[in-house]
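Everything on this sheet refers to the single structure shown next.
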Amino acid sequence: MSDSNHTSTSFFLTGLPGLEAVQAWLSIPLCAMYVPSLAGNSLILWVVRTEPSLHQPMYYFLSMLVVTDLGLSVSTLPTMFPVYIRGSRGVAVDVCPAKLFFIHIFSIMESSVLLTMAFGRFVAIRNPLYYGIILTSPHITSLALAIVVHSVSLHVPTPIILKKLPYCCNHQLSHSYCLHPNVMKLACADTCINSAYGLFVVLSMLGMDSVLIVLSYGLILQTVLSIASRAEHLKALNTSVSHICVMLLFYSTMIGLSMIHRFGKRASPCSHVLLSYLHYLTPPVLNPIVCTVKTKQIRMKMLHLFPGRGATIVGKEQN
Numbered sequence: 049m050s051d052s053n054h055t056s057t058s059f060f061l062t063g064l065p066g067l068e069a070v071q072a073w074l075s076i077p078l079c080a081m082y083v084p085s086l087a088g089n090s091l092i093l094w095v096v097r098t099e100p101s102l103h104q105p106m107y108y109f110l111s112m113l114v115v116t117d118l119g120l121s122v123s124t125l126p127t128m129f130p131v132y133i134r135g136s137r138g139v140a141v142d143v144c145p146a147k148l149f150f151i152h153i154f155s156i157m158e159s160s161v162l163l164t165m166a167f168g169r170f171v172a173i174r175n176p177l178y179y180g181i182i183l184t185s186p187h188i189t190s191l192a193l194a195i196v197v198h199s200v201s202l203h204v205p206t207p208i209i210l211k212k213l214p215y216c217c218n219h220q221l222s223h224s225y226c227l228h229p230n231v232m233k234l235a236c237a238d239t240c241i242n243s244a245y246g247l248f249v250v251l252s253m254l255g256m257d258s259v260l261i262v263l264s265y266g267l268i269l270q271t272v273l274s275i276a277s278r279a280e281h282l283k284a285l286n287t288s289v290s291h292i293c294v295m296l297l298f299y300s301t302m303i304g305l306s307m308i309h310r311f312g313k314r315a316s317p318c319s320h321v322l323l324s325y326l327h328y329l330t331p332p333v334l335n336p337i338v339c340t341v342k343t344k345q346i347r348m349k350m351l352h353l354f355p356g357r358g359a360t361i362v363g364k365e366q367n
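Just so you know, we're using the working numbering here: the sequence shown kicks off at 49 and counts up by one.
Here is the structure:
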């Protein structure tokens, strides 16, 4: 094996396979995703922070989701722009583990926040009178701190282990940002520990979170069905629709991406990349839209920011 391979100090990111000729044009939809993601999530965070009537557990949980979405956008899209706009694909071998560290912790944090939101919905529907007593501001702050500490500590070993591996063969990554399974496959040493630890993280956090979320919504459904009034049935279910949409978007793509990385040996490279984009790029864009459409208080506060047409829509909703 050549010395140049041993001394290589960069990984090389990849855009969409087979579309290299139009890569610069693909930066347009990326920008169309990045700007609304930053604007929409930042606007929701600002509205919740500045409006005293929204200082409630439900909106605190929504703010936590917004922060993780912003973190996910900032961790992924700026790395992709040089690949698509300038064709600059190199990323230092020592920098790539740091980049994937932030991508993965924000993904894990989003999973934990979704579980916390499901727990909040369960408490709100099962014990509405005790909702504000159980989920006080100090309790929510403690939950947020626990999510951050747990997510960070769970992923600290990942970049450390990756940096100790020798990368002496191919340095071509199959994504336009660094991901743990992708980088791990480029090592020319035994990666059983990395693979086992990655699977442990997926099963212990993402897998466990999804099971607990399903359990929470099963209990919510049981509680809703015990309510006598049909109108109350619909009202209670309607409050959970936005959360269910957000969770389905996140977990369906996460499970598909995890399976295709481990078992999709014959899947086309393009399918790997597209599914990865769906998982990491679309939730930060769609979550604020879903939450704004399905959360009347957020929607009305945002419409108040826009004169004329916004006031007309607010008047119709109030009537």
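Here a beta-carbon is modelled for each residue, glycine too, at the ideal position from N, C-alpha and C. Keep in mind it's a predicted model, so treat the numbers as computed, not measured.
Item checked: threonine 301 versus methionine 295 - alpha carbon distance -> If I take the Cα positions, the gap works out to 10 Å.
Notebook entry, point to check: Under 8 Å, do serine 123 and valine 333 count as touching if we go by C-beta distance?
Noted result: Remark: C-beta atoms of serine 123 and valine 333 do not approach each other more closely than 8 Å.
Next item on the list: Would you check if the distance between the CB atom of isoleucine 208 and the CB atom of tyrosine 328 is smaller than 8 Å?
Entry: In this structure, tyrosine 328 does not lie closer than 8 Å to isoleucine 208 by Cβ.
Check: Unbroken beta strand (DSSP E) runs of length 3 or more, entirely within the region 113-175: which are they?
Finding: Taking only runs of at least 3 residues, the beta strand (DSSP E) segments lying wholly in the region 113-175 are 138-140.
Check: On the three-state DSSP scale, how would you describe proline 65?
Finding: Correct three-state label for proline 65: coil.
Check: In terms of alpha-carbon separation, which member of Thr330, Thr340 and Cys216 lies closest to serine 155?
Finding: Closest option to serine 155, Cα to Cα, is Thr330.
Next item on the list: State buried or exposed for glycine 66, treating a residue as buried only when at least 16 other CB atoms are found within 10 Å of its CB.
Entry: By the neighbour-count rule (16 or more Cβ atoms within 10 Å), glycine 66 is not buried but exposed.
Checklist line | Range covered by the alpha helix (DSSP H) that runs through serine 252 | finding: Counting along the chain, serine 252 falls outside any alpha helix (DSSP H), and DSSP gives it neither H nor E.
Next item on the list: With a 10 Å radius around its C-beta and 16 neighbouring C-beta atoms as the bar for buried, classify isoleucine 337 as buried or exposed.
Entry: With fewer than 16 neighbouring CB atoms inside 10 Å of its own CB, isoleucine 337 falls in the exposed class.
Note to self: Quick check on DSSP: helix, strand or coil for lysine 364?
What the structure shows: Residue placement at lysine 364 is poorly supported in this model, since its pLDDT is 49, which falls under 50; the coordinates still yield a value, given next. The DSSP-derived three-state label of lysine 364 is helix.
Notebook entry, point to check: Considering only the beta carbon of each residue, do proline 205 and tyrosine 245 sit closer than 8 Å?
Noted result: In this structure, proline 205 lies near tyrosine 245, with their beta-carbon atoms less than 8 Å apart.
Item checked: Euclidean distance between Cα positions of lysine 364 and leucine 183 -> With a pLDDT of 49 at lysine 364, under the threshold of 50, the predicted position of this residue should be treated as unreliable, and no value is reported.
Check: Do the region 130-145 and the region 221-228 make contact, defined as three or more Cβ pairs closer than 8 Å?
Finding: The region 130-145 vs the region 221-228: in contact.
Check: Considering serine 185, what are the terminal residues of the alpha helix (DSSP H) in which it resides?
Finding: Per DSSP, serine 185 belongs to the alpha helix (DSSP H) from 185-203.
Check: Is DSSP giving glutamine 104 helix, strand or coil here?
Finding: Assignment of glutamine 104 by DSSP, reduced to helix, strand and coil, places it in the coil class.
Checklist line | Residues sharing a beta bridge with serine 58, DSSP | finding: Note: serine 58 sits in a beta bridge opposite Ala140.
Next item on the list: Could you tell me whether the region 184-200 touches the region 96-110, using the rule of 3 or more Cβ pairs below 8 Å?
Entry: Counting Cβ pairs under 8 Å, three or more are found: they touch.
Next item on the list: Tell me where the alpha helix (DSSP H) around valine 70 begins and ends.
Entry: For valine 70, no alpha helix (DSSP H) run applies, since DSSP gives it neither H nor E.
Next item on the list: Please determine, among Val114, Ser185 and Gly63, the residue with the shortest C-alpha to C-alpha distance to methionine 128.
Entry: Nearest Cα to methionine 128 within the set Val114, Ser185 and Gly63: Gly63.
Check: Roughly how many whole angstroms lie between the Cα atoms of methionine 49 and histidine 219?
Finding: Unreliable placement is indicated for methionine 49, whose pLDDT of 39 sits below 50; the coordinate value is still reported in the next sentence. C-alpha separation (whole angstroms): 14 Å.
Checklist line | Rounded distance between the beta-carbons of isoleucine 173 and cysteine 339, thought under 8 Å | finding: Not quite, the Cβ-Cβ distance comes to about 18 Å (not below 8 Å), so this is no contact.
Notebook entry, point to check: According to the neighbour-count rule (16 or more other Cβ atoms, all chains shown, within 10 Å of its Cβ), is aspartate 51 buried or exposed?
Noted result: In this predicted model, aspartate 51 has a pLDDT of only 39, less than 50, meaning its place in the structure is not dependable; the value taken from the coordinates is given anyway. When all chains shown are included, aspartate 51 counts as exposed.
Check: Given a threshold of 16 other Cβ atoms within 10 Å of its Cβ, counted over all protein chains shown, does lysine 147 qualify as buried or as exposed?
Finding: Answer is buried; the Cβ neighbour count reaches 16.
Next item on the list: Please go through the same chain and pick out, in chain order, the residues whose beta-carbon is closer than 6 Å to the beta-carbon of leucine 125, but skip the five residues on each side of it.
Entry: If we look at leucine 125 and ignore the five residues flanking it on each side, its Cβ neighbours are Tyr82.
Notebook entry, point to check: asparagine 367 to histidine 352, Cα distance in whole Å?
Noted result: Per-residue confidence for asparagine 367 stands at a pLDDT of 48, beneath the threshold of 50, marking its modelled position as unreliable; no derived number is given.
Check: To the nearest whole angstrom, what separates the beta carbons of serine 159 and histidine 198, a pair I think is in contact under 8 Å?
Finding: In this structure serine 159 does not touch histidine 198 by the C-beta definition: roughly 11 Å separates them, more than the 8 Å allowed.
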